[in-house]
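Chemist: Top line first, the protein sequences correspond to chains A and B. Numbered per UniProt numbering, the first sequence spans residues 1 to 247. Numbered per UniProt numbering, the second sequence spans residues 1 to 237. For glycine and all other residues, C-beta sits at the position ideal for the given N, C-alpha and C.
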Amino acid sequence: MNLTLKIWRQKDAKAKGGIQTYQIADVDPDMSFLEMLDVLNEGLVEKGEEPVVFDHDCREGICGTCSLQINGEPHGPDRGVTTCQLHMRKFKDGDTIVIEPFRAKAFPVIKDLIVDRSAFERIQQAGGYVSVNTSGNTQDANSIPIEKEKADAAFFAATCIQCGACVAACKNASAMLFTSAKVSQYALLPQGKVEATKRVLDMVEQMDKEGFGNCTNTGACEIECPKGISLENIARMNREYLKASVV
Amino acid sequence: MAKSALLKSSLAKKYWMAFTGLFLCVFLVGHLAGNLQLLVSGEGARDQFNEYALFMTTNPVVRILSIVTFVSILFHAIDGVILTINNRKARPQGYVSFRPSTNSTWSSRNMGILGTVILAFIVIHLVNFWGEMKFGGLDNTMYTTANGDEVKDLYSLTIMTFQDPEWGLVWAFGYLIAMIAIAFHLYHGFGSGFQSLGLNHPQYNSIVRKIGVAFAIIVPLLFAIIPFYIYFVLETI
Chain A
1 MNLTLKIWRQ KDAKAKGGIQ TYQIADVDPD MSFLEMLDVL NEGLVEKGEE PVVFDHDCRE
61 GICGTCSLQI NGEPHGPDRG VTTCQLHMRK FKDGDTIVIE PFRAKAFPVI KDLIVDRSAF
121 ERIQQAGGYV SVNTSGNTQD ANSIPIEKEK ADAAFFAATC IQCGACVAAC KNASAMLFTS
181 AKVSQYALLP QGKVEATKRV LDMVEQMDKE GFGNCTNTGA CEIECPKGIS LENIARMNRE
241 YLKASVV
Chain B
1 MAKSALLKSS LAKKYWMAFT GLFLCVFLVG HLAGNLQLLV SGEGARDQFN EYALFMTTNP
61 VVRILSIVTF VSILFHAIDG VILTINNRKA RPQGYVSFRP STNSTWSSRN MGILGTVILA
121 FIVIHLVNFW GEMKFGGLDN TMYTTANGDE VKDLYSLTIM TFQDPEWGLV WAFGYLIAMI
181 AIAFHLYHGF GSGFQSLGLN HPQYNSIVRK IGVAFAIIVP LLFAIIPFYI YFVLETI
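1. Return helix, strand or coil for proline 77/A, following the three-state DSSP convention.
2. State the Cα-Cα distance for the pair threonine 158/B and glutamate 235/B, rounded to the nearest angstrom.
3. Cβ of arginine 103/A less than 7 Å from any chain B Cβ?
4. Let's test the definition: count the other Cβ atoms within 10 Å of the Cβ of glutamine 203/B and tell me whether it reaches 16, buried, or not, exposed.
5. To the nearest whole angstrom, what separates the beta carbons of asparagine 238/A and asparagine 86/B, a pair I think is in contact under 8 Å?
6. Three or more C-beta pairs closer than 8 Å, one from the segment 101 to 110 of chain A and one from the segment 89 to 106 of chain B: is that the case here?
7. Per the DSSP calculation, lysine 111/A is bridged to which residue(s)?
8. Pull up the distance between the alpha-carbon of lysine 14/A and that of tryptophan 8/A, whole angstroms please.
9. From the beta carbon of phenylalanine 212/A, is the nearest beta carbon of chain B less than 7 Å away?
10. Please check the pair cysteine 160/A and lysine 193/A, which I expect to be a contact at CB under 8 Å, by giving their CB distance rounded to whole angstroms.
11. In the segment 43 to 72 of chain A, which residues sit with their C-beta less than 8 Å from some C-beta in chain B, listed in chain order?
12. With DSSP run on the structure shown, which of helix, strand or coil describes glutamine 139/A?
13. Checking contacts by CB at 7 Å: is glycine 198/B closer than that to chain A?
14. Kindly provide the ranges of any alpha helix (DSSP H) runs that are 4 or more residues long and lie completely inside the segment 22 to 70 of chain B, ordered along the chain.
15. So with CB distances below 7 Å, who are the chain A contacts of lysine 210/B?
16. Exposed or buried, phenylalanine 178/A, counting other C-beta atoms within 10 Å across all chains shown (16 or more means buried)?
17. Along the segment 196 to 226 of chain A, what residues have a CB closer than 8 Å to any CB found in chain B?
18. Name the chain A residues whose beta carbon is nearer than 7 Å to that of valine 96/B?
19. Can you list the residues of chain B that lysine 171/A reaches, using a CB-CB cut of under 7 Å?
20. How many Å lie between leucine 222/B and asparagine 35/B at the Cα?
21. Of all Cβ atoms in chain A, is any one closer than 7 Å to the Cβ of glutamine 195/B?
22. Does the CB of tyrosine 22/A have a neighbour CB from chain B at under 7 Å?
23. Is DSSP giving histidine 87/A helix, strand or coil here?
24. Taking 7 Å as the limit between beta carbons, can you name the residues of its chain near tryptophan 16/B, skipping five residues before and five after?
25. From the DSSP output, in three-state form, read off tyrosine 155/B for me.
26. Counting pairs of beta carbons, one from the segment 147 to 155 of chain A and one from the segment 109 to 125 of chain A, are three or more of them closer than 8 Å?
27. Is it buried or exposed, histidine 201/B, if we count other Cβ atoms within 10 angstroms and call 16 or more buried?
28. Kindly say whether alanine 2/B, judged by its beta-carbon, lies nearer than 7 Å to any beta-carbon of chain A.
29. Is the distance from the Cβ of serine 72/B to the Cβ of phenylalanine 129/B below 7 Å?
30. Who are the Cβ neighbours of glutamate 232/A in its own chain at under 6 Å, not counting the five residues just before and after it?
31. Residues of chain B with CB closer than 7 Å to the CB of serine 180/A, please, in chain order.
32. Can threonine 197/A and serine 108/B be called in contact, C-beta distance under 7 Å?
33. If you draw a straight line from the alpha carbon of histidine 185/B to that of tyrosine 175/B, how long is it in whole angstroms?
34. Specify the secondary structure class of glutamine 20/A as computed by DSSP and reduced to three states.
35. Against glutamate 232/A, what residues of chain B qualify as contacts under a CB-to-CB distance less than 8 Å, listed in chain order?
36. Which bits of chain A does leucine 11/B rub up against, with CB to CB less than 7 Å?
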């Protein structure tokens, strides 16, 4: 496959940045998107040019490190996968592919295609945990009976890999799908109920402080989420927050 | 903390948006029920509608409801403007390529534009009828109905507006455009209101969705039929 790549290049956080066009030849359809970028970078290095900087780690679709807005969609046109699991067979010979960083005020560009997603960490730190005494007499978590449905829903919420596709896809750059998944994974379990009130208030407060937008319920986040995190979680967060605010 | 959270936070703004929006849906049903009386023809039609208008402007419960409606419209619009400004700020630099049509409906992404069209319509609509009724435009049309009530003739004003040989059809089409905007606004807004208030349950989601779509089609359609019916079908006065 021969492709034209239009890639956002930006020297550092302060630089203006812009789209640069690259031609890449002989792309194997079985390559992952990131492998295709590796090949591009090898070529750039050989020519003495600066390689395109992008985030990646596990390349197994489970770590949430890779990002990229590909042809106007986070993680590209495929559903339920991260960029590292997107394969070039999803594109056609001669295609032009626009590659940009995730865009949000709360996700400032560090360089080229890498953005700073530490805002998510700060939301998590604001309340995304349970306080457990680990002094040696910790109770086995499995000794607390939990309804199967609730355990499943908590587990599905916890499958969020914090990649930020929800923010990237949202027309408002809202982080509500992420935050609600983190609120839900605890709110559904007995261990999490103890601190539920403070958790949801603190996490939402931090989310607002980071400068994310509001939820318009367009549902774009749910569709673009590589893990299929459900909008149900946002409704649950809305309930939890309302409960916490009124009581 | 808790109190300011319920006023200032991002979620609070959504609660107010949903709450006022769903209240306005209830208002629409009431308003439509009243308007459908305009489809009645014959001798009693004028008295019936004007008696109804008298009741709507004098009954204390209705008066309170109408104030709540005005406040809701105002709140809904102001909240919408604030949310839109916040949302724009959340992405100062946009994408070169952005394809939201692959993951969301047009109406869900354009609630602000639709809302602006609706707000403009509401202002024009109020000037047309409510202003005339309230601020003296109809004072010299007072007459006594068969029941012996002294009423303003809002009925004739409405019928003449839409039966005007030059402008009647223009008004009707103008109202049609507004009703299309309301239909698209409701198409997303009805279900979205439930979601914002946390009312999401796998068992009921599809029912809420279906009611929302039906509401978004039926209510604006019935509203839109009235001016055309008056122009084309109703006997001229």
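Modeler: So, to answer that:
1. coil
2. 13 Å
3. yes
4. exposed
5. Not really, about 17 Å apart at Cβ, beyond 8 Å.
6. yes
7. Ile114/A
8. 14 Å
9. yes
10. At roughly 20 Å, the Cβ-Cβ gap does not stay under 8 Å, so cysteine 160/A and lysine 193/A are not in contact.
11. Gln69, Asn71, Gly72
12. coil
13. yes
14. 44 to 58
15. Near lysine 210/B there are no residues of chain A at all, since even the closest Cβ is about 17 Å away, more than 7 Å.
16. buried
17. Leu201, Val204, Glu205, Met207, Asp208, Gly211, Phe212, Gly213, Asn214, Cys215, Thr216, Asn217, Thr218, Gly219, Ala220, Ile223, Glu224
18. Ile19, Val98, Glu100
19. Pro100, Arg109
20. 9 Å
21. yes
22. no
23. strand
24. Phe75, Asp79
25. helix
26. no
27. exposed
28. Bear in mind that a pLDDT of 49 at alanine 2/B, under 50, signals an unreliable position, so the number given afterwards is only what the model happens to contain. Yes, because at least one Cβ of chain A sits closer than 7 Å to the Cβ of alanine 2/B.
29. no
30. none
31. Within 7 Å Cβ-Cβ: nothing; serine 180/A doesn't reach chain B, min ~10 Å.
32. no
33. 15 Å
34. strand
35. Asn200, Pro202
36. Val204, Asn238, Tyr241
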